[in-house]
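In what follows, a structure is listed as structure tokens, so that the remarks can point back to it.
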Amino acid sequence: MTVLKYLQAYPANLQDQVRQMIASNRLGDYLAQRYSERHQVQSDKALYAYTQAIRQEYLRNAPNLDKVLFDNRLDLTHRALGLHTAVSRVQGGKLKAKKEIRIASLFKEAAPQFLRMIVVHELAHFKEAEHNKAFYQLCEYMQPGYHQLEFDLRVYLTWRELPAQD
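Counting from 1 along the sequence shown, just add 277 to a position and that's the residue number in our numbering.
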């Protein structure tokens with residue numbers, strides 16, 4: 278039986294459906310049918326503008342972002358698709374806090390829905406630190422259908438690691 282490391286938290290019947298699609302070599306077709314487009318956000322500057330627009334629309338009172346970038350050092354072995362950080366430094370007699378979001382570089386080639394889902398997820402952490410009910414409600418507010426996108430993103434990551442994809 279194929280171990281689906283990105284889907285372990287999901288019910289067995291959903292995992293079995295994904296395994297059946299893998300066995301019949303239909304997983305790639307499923308993803309291509311649902312997510313055929315690729316987004317145009319290819320630079321850190323464009324990603325910053327994209328993220329700021331979402332923040333401005335949904336989280337006007339959230340702190341300003343100092344940096345948003347694609348990070349090729351983020352990898353799936355650390356289970357990090359994106360990171361949000363608040364770096365505090367003392368400058369002179371003042372405490373300065375810098376807010377950053379880093380998105381894994383593999384999302385440069387992903388569907389626009391997946392990029393938005395990751396950005397929404399990281400932005401939501403500025404309001405809700407933990408993955409709790411309020412956090413997921415905020416994600417759903419900013420991105421209707423968030424839970425389905427998260428599942429499909431995990432299916433996409435599973436597909437990327439299939440031997441035929443290397």
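Ideal Cβ placement from N, Cα and C applies to all residues, glycine included. Computed from a predicted structure; not experimentally measured.
Residues in its own chain within less than 8 Å of GLN331 by CB, not counting five upstream and five downstream?
First, the amino acid is wrong: residue 331 is Ile here, not Gln. Around ILE331: ARG393, VAL396, VAL397, LEU400, MET419.
I need the DSSP call for SER223, collapsed to helix, strand or coil.
Since the first residue of the chain shown is 278 and the last is 443, residue 223 is not available in this structure.
Check whether the Cβ atoms of LEU336 and PHE403 lie closer than 8 Å to each other.
It is a contact, given that the beta carbons lie within the stated cut-off.
Might you give, ordered along the chain, the residues of its own chain that have their beta carbon closer than 7 Å to the beta carbon of GLY305, omitting 5 neighbours on each side?
If we look at GLY305 and ignore the five residues flanking it on each side, its Cβ neighbours are TRP436.
Can you pull the DSSP bridge partners for PHE347?
ILE380, per the DSSP bridge assignment.
Are there three or more Cβ pairs, one per stretch, closer than 8 Å when the segment 340-352 is compared with the segment 310-326?
Yes: at least three Cβ pairs fall under 8 Å.
For ARG350, count the other beta carbons within 10 Å of its own beta carbon; 16 or more makes it buried, fewer makes it exposed. Which is it?
Counting Cβ neighbours within 10 Å, ARG350 comes out exposed, since fewer than 16 surround it.
Examine the Cβ distances between the segment 375-387 and the segment 407-414 and report whether three or more of them are shorter than 8 Å.
Contact fails: fewer than three Cβ-Cβ distances are below 8 Å.
Mind checking which residues open and close the alpha helix (DSSP H) that includes HIS424?
Start and end: 423-437.
Does LEU281 come out as helix, strand or coil in the three-state DSSP assignment?
Residue state, collapsed to three classes: coil.
Taking the alpha helix (DSSP H) that PRO389 falls in, what are its first and last residues?
PRO389 -> alpha helix (DSSP H) spans 389-401.
Quick check on DSSP: helix, strand or coil for ALA289?
Correct three-state label for ALA289: helix.
For the putative contact between LEU439 and PHE391, defined by C-beta atoms under 8 Å, what is the C-beta separation to the nearest angstrom?
LEU439 to PHE391, Cβ: 17 Å. No contact.
Cα-Cα, which of GLN317, ASP321, ASN302 is closest to ALA388?
With distances taken between Cα atoms, ALA388 lies closest to GLN317.
Classify LEU372 as buried or exposed, calling it buried when 16 or more other Cβ atoms lie within 10 Å of its own Cβ.
With fewer than 16 other Cβ atoms within 10 Å, it is exposed.
By Cβ distance below 7 Å, which residues in the same chain neighbour LEU430 in space, the five residues on each side in sequence not counted?
Result list for LEU430: PHE391, MET394, in chain order.
Find out if the Cβ-Cβ distance for the pair ARG315, GLU386 is shorter than 8 Å.
It is a contact, given that the beta carbons lie within the stated cut-off.
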